[in-house]
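In the numbering used here, the protein residues as written are 348 to 671.
Glycine is no exception: its CB is placed at the ideal position from the N, C-alpha and C atoms.
Below you'll find the structure, written out as structure tokens, and then a few comments.
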Ligand code: ASP
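Okay, here's the thing in structure tokens:
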């Protein structure tokens, strides 16, 4: 029997150490611990890796601290467009959705694609129709809005400095000590994800995001793209990415970790470090990833100032972190 393990992330980048308050840090750590406890308990009981990553990402989506589901960032049109993906390492079954705004939990829509369709990727209204037909909770788009994200959009629009901004960069511009101030003032990235290995030895991965503040409507990042933002194969590993999506797509980041293990005989840590510290920075990619291999090794590398992250092995206490 394999020693089950789950790892999660709530986005690369973090409120800088200088500006994060003890209360803010505690809020993030408590959320990560709670979500690891709940999804880990599912693995303890013999639940599948697929169910564990689905649960973890659903809970991360429901938590407004993170840029996915409720609390997602705004597009330049002041709308929300969310993307998500899920992959089953045992079968290579997968499902993705992009640019959706009325499904309460985008990760469940991705799973519905995987389980109810012969296709793997839907976007926009047809993706929402598929989710509704699968019986998922549908909501008005403003369910996803929070005052903080609106403030981020207004700030980015006012500066005119960037055409679009990673979640953490936008939050970063909130004044220190502001009630809503989240993360690193220079490098806030946002997305959520989970990877898991279950007692039967199966791997799974899931990723969900609101994308980038002030992004152009229709823009899709790496998160729902199998091989870039999400990948799982029992032959190698399960990976969920977070960061500058365009660079993760160009690097085929998640699959590159798996490919280096399979074709170059690298360990999980060697492969993950190569992608995050060599390949991504070489093209200006900022962010990180979480990965677990078929032996239960875990890697959580990031090249940003911080990444909300944690893991929990079966029967053990969760381990969470924000900075290096
Ligand atoms: N990768 C996400 C995207 O490009 C954003 C992030 O992880 O911060 O949409």
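Residue i classed as buried or exposed, judged by whether at least 16 other C-beta atoms fall within 10 angstroms
{"i": "residue 476", "result": "exposed"}
{"i": "residue 610", "result": "exposed"}
{"i": "residue 531", "result": "For residue 531, the predicted structure reports a pLDDT of 40, less than 50, and the residue's modelled location is therefore unreliable. The matter cannot be settled from this model."}
{"i": "residue 562", "result": "buried"}
{"i": "residue 394", "result": "buried"}
{"i": "residue 640", "result": "buried"}
{"i": "residue 370", "result": "exposed"}
{"i": "residue 589", "result": "buried"}
{"i": "residue 671", "result": "exposed"}
{"i": "residue 545", "result": "buried"}
{"i": "residue 480", "result": "exposed"}
{"i": "residue 482", "result": "exposed"}
{"i": "residue 396", "result": "buried"}
Those residues which DSSP pairs with residue i across a bridge
{"i": "residue 430", "result": "556"}
{"i": "residue 470", "result": "445"}
{"i": "residue 379", "result": "For residue 379, which the question treats as bridged, DSSP gives no partner whatsoever."}
{"i": "residue 660", "result": "352"}
{"i": "residue 649", "result": "635"}
{"i": "residue 666", "result": "658"}
{"i": "residue 422", "result": "562"}
{"i": "residue 640", "result": "584"}
Residue i Cβ short of 8 Å to ligand 3 heavy atom set
{"i": "residue 593", "result": "Among the ligands modelled here, namely ligand 1, ligand 3 does not occur."}
For residue i, the nearest candidate out of the options (CA to CA)
{"i": "residue 663", "options": "367, 391, 365, 359", "result": "391"}
{"i": "residue 420", "options": "578, 491, 454", "result": "491"}
{"i": "residue 635", "options": "643, 478, 642, 621", "result": "621"}
{"i": "residue 494", "options": "422, 450, 418", "result": "418"}
{"i": "residue 411", "options": "433, 435, 452, 569", "result": "452"}
{"i": "residue 616", "options": "630, 643, 353, 591", "result": "643"}
{"i": "residue 485", "options": "648, 449, 504, 398", "result": "449"}
Proximity test, Cβ basis, 9 Å: residue i and chain D
{"i": "residue 558", "result": "The chain labelled as chain D is not found in the depicted structure, where only one protein chain is given."}
**Prompt:** Just checking, does the region 437-453 make contact with the region 467-474 on the three C-beta pairs under 8 Å criterion?
**Reply:** The region 437-453, when compared against the region 467-474, does touch it at the 8 Å Cβ threshold.
**Prompt:** Is there contact between the region 364-380 and the region 595-611, where contact requires at least three CB pairs shorter than 8 Å?
**Reply:** As far as the Cβ criterion goes, the region 364-380 does not touch the region 595-611, which means the pair count is below three.
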